[in-house]
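Chemist: The structure is given below, and queries will be raised subsequently.
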Amino acid sequence: MPRAEAVRFAALVEGGGLGRFSEAVTRLTTASARCRKADHTDAADILDALRQDFLTRR
């Protein structure tokens, strides 16, 4: 799913590069929910894993 990949990349820059973890977590949470609603569970799982990683870094 290309949009999920774009969100993942943006979150990596926002969280990892800019240190804006809270904003990245919010973006990942929203995107993951949309993926699950569209039955794209693999994409949602990837976004959730990155979100969890950012939550542990705060």
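Note that the numbering used here numbers the sequence shown so that position 23 is 36, with each residue one more than the last.
Note that CB positions come from ideal geometry on N, CA and C, so glycine has one too.
Closer than 7 Å by C-beta to GLU36: which residues in its own chain qualify, once you throw out the five before and the five after it? Chain order, please.
Modeler: Around GLU36: GLU27.
Chemist: Measure the alpha-carbon distance for ASP52 versus ASP58 and round it to whole angstroms.
Modeler: Approximately 11 Å, taken between the alpha carbons.
Chemist: Could you tell me how far apart the beta carbons of ALA44 and LEU31 are, in whole angstroms, since I believe they sit closer than 8 Å?
Modeler: The pair is not a contact, with the Cβ atoms about 18 Å apart (cut-off 8 Å).
Chemist: With LEU41 and ALA56 assumed to form a contact (beta carbons below 8 Å), what rounded beta-carbon distance in angstroms separates them?
Modeler: Not quite, the Cβ-Cβ distance comes to about 11 Å (not below 8 Å), so this is no contact.
Chemist: Quick one, which of ALA19, VAL38, THR54 has its alpha-carbon nearest ASP66's?
Modeler: Nearest C-alpha to ASP66: VAL38.
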